[in-house]
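Report on one structure; see the data block that follows.
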Amino acid sequence: MTTQNKTAVVTGASAGLGAAYAQRLADRGYDLVLVARNAARLETLAADIRGRTGRAVDIVAADLTDAAQISVVEERLRTDESVEILVNNAGGGLFTPLAVSDAAASEALINLNVTSLTRLTTAVLPGLTARGRGTVVNVSSALALNILPVSAVYSGTKSYVLTFSQALQQELAESPVVVQAVLPGAVRTEFWDGSGADLGAFPDEWIMSADDVVDAALAGLDAGELVTIPSLPQISDWESFEKARQTLVPNLSLKAPADRYRG
Ligand SMILES: NC(=O)C1=CN([C@@H]2O[C@H](COP(=O)(O)OP(=O)(O)OC[C@H]3O[C@@H](n4cnc5c(N)ncnc54)[C@H](OP(=O)(O)O)[C@@H]3O)[C@@H](O)[C@H]2O)C=CC1
Ligand SMILES: N[C@@H](C=O)C(=O)O
Numbered sequence: 028m029t030t031q032n033k034t035a036v037v038t039g040a041s042a043g044l045g046a047a048y049a050q051r052l053a054d055r056g057y058d059l060v061l062v063a064r065n066a067a068r069l070e071t072l073a074a075d076i077r078g079r080t081g082r083a084v085d086i087v088a089a090d091l092t093d094a095a096q097i098s099v100v101e102e103r104l105r106t107d108e109s110v111e112i113l114v115n116n117a118g119g120g121l122f123t124p125l126a127v128s129d130a131a132a133s134e135a136l137i138n139l140n141v142t143s144l145t146r147l148t149t150a151v152l153p154g155l156t157a158r159g160r161g162t163v164v165n166v167s168s169a170l171a172l173n174i175l176p177v178s179a180v181y182s183g184t185k186s187y188v189l190t191f192s193q194a195l196q197q198e199l200a201e202s203p204v205v206v207q208a209v210l211p212g213a214v215r216t217e218f219w220d221g222s223g224a225d226l227g228a229f230p231d232e233w234i235m236s237a238d239d240v241v242d243a244a245l246a247g248l249d250a251g252e253l254v255t256i257p258s259l260p261q262i263s264d265w266e267s268f269e270k271a272r273q274t275l276v277p278n279l280s281l282k283a284p285a286d287r288y289r290g
């Protein structure tokens with residue numbers, strides 16, 4: 028497909044952060060491809076955005092943990108030359124100690140939060156790099172950094188999203204294609220329903236609205252941030268954390284064990 032239009036593909040667009048991304052990206056002039064399982068909700072949102080902005084909005088009803096269904100989205104990402112932004116937002120949460128958790132539920136979470144994001148990024152990247160422009164936004168979580176006893180699997184998936192994004196940023200250092208990782212704290216969405224954690228138990232000051240998260244994330248993107256933590260007052264705190272990690276690097280692989288391990 029050859030077109031002058033620019034398209035944003037948003038996964039998990041039927042609710043929460045994904046629906047907010049869809050609205051904001053349409054406001055910025057993007058046509059949309061909205062992906063989630065619930066076709067009726069996607070169509071309602073699409074009709075609202077078409078009516079409000081006049082943008083073209085397609086929906087793809089797909090379970091991203093299903094091999095046949097994700098392949099439809101991958102094909103669109105590979106072949107639609109108008110795609111300029113992929114927002115890998117679809118994700119779920121599970122907050123239970125691993126010892127009492129269900130292995131199949133953990134596997135499903137990893138499939139959604141990790142495998143589908145990896146597959147969709149892999150599908151879109153060759154086209155973006157060939158066209159010499161574009162953006163991949165990967166929605167991670169503050170829980171990639173704030174690691175809790177009940178978040179072994181969830182924090183693991185979101186740490187993956189962060190480090191995957193940071194590695195891609197290095198891979199694309201010479202390319203105009205941008206990869207941003209977004210690390211929201213608690214957001215008032217349906218994410219918490221059935222997650223094992225009660226959003227109602229959190230102080231109100233901890234909870235951001237989906238609109239505020241997305242506005243902050245897009246402002247961070249506009250400012251050239253590769254990692255955006257919407258609630259973090261000082262970006263220098265993230266930069267210090269990242270610098271501390273990098274100071275480890277020269278000593279992470281040496282021939283000799285450290286002195287403290289030698290008798
Ligand atoms: N809410 C929060 O506090 C935080 C959320 N995040 C992250 O933000 C992202 C969005 O979460 P949020 O908006 O809060 O959650 P919501 O539960 O509100 O929305 C999740 C979206 O993902 C879609 N989705 C879920 N499972 C699948 C699937 N198997 N295949 C395709 N789509 C699916 C849902 O649609 P449908 O059911 O129609 O498929 C829905 O559109 C997630 O990655 C989450 O981890 C990060 C930090 C904090
Ligand atoms: N980021 C949120 C969940 O993913 C949280 O901080 O609670």
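Residue 290 is where the sequence shown ends in this note's numbering, and the numbering goes up by one at each step.
We put the beta carbon where it would ideally sit given N, CA and C, even for glycine.
Being a predicted model, the structure only gives us computed values, none of them experimental.
{"query": "Got a sec: does ligand 2 put a non-hydrogen atom nearer than 8 angstroms to the Cβ of serine 133?", "result": "no"}
{"query": "Is the Cβ-Cβ distance between isoleucine 112 and glycine 45 less than 9 angstroms?", "result": "no"}
{"query": "Going along the chain, which residues put their C-beta within less than 5 angstroms of some heavy atom in ligand 2?", "result": "Ser168, Ala169, Leu170, Gly212, Ala213"}
{"query": "Spatial neighbours of glycine 212 within its chain, please: CB distance less than 6 angstroms, with the 5 preceding and 5 following residues excluded, ordered by chain position.", "result": "Ala169, Ser258"}
{"query": "Tell me whether the beta-carbon of threonine 145 lies closer than 9 angstroms to the beta-carbon of phenylalanine 191.", "result": "yes"}
{"query": "Could you give the DSSP three-state label for alanine 47: helix, strand or coil?", "result": "helix"}
{"query": "Can you check DSSP and say which residues form a bridge with glutamine 207?", "result": "Val164"}
{"query": "Along the chain, where does the alpha helix (DSSP H) containing aspartate 239 start, and where does it finish?", "result": "237-249"}
{"query": "Hey, is phenylalanine 218 close to ligand 3, as in C-beta under 8 angstroms from one of its heavy atoms?", "result": "With respect to ligand 3, the structure shown offers nothing to examine, as its ligands consist of ligand 1 and ligand 2."}
{"query": "I'd like to confirm something about leucine 189: is its beta-carbon nearer than 8 angstroms to some heavy atom of ligand 1, or not?", "result": "no"}
{"query": "With a 10 Å radius around its C-beta and 16 neighbouring C-beta atoms as the bar for buried, classify phenylalanine 122 as buried or exposed.", "result": "buried"}
{"query": "Report yes if the CB atom of serine 222 is closer than 9 angstroms to the CB atom of glycine 78, and no otherwise.", "result": "no"}
{"query": "Should asparagine 173 be counted as a contact of ligand 1 given a C-beta to heavy atom distance under 8 angstroms?", "result": "no"}
{"query": "Does DSSP classify alanine 200 as helix, strand or coil?", "result": "coil"}
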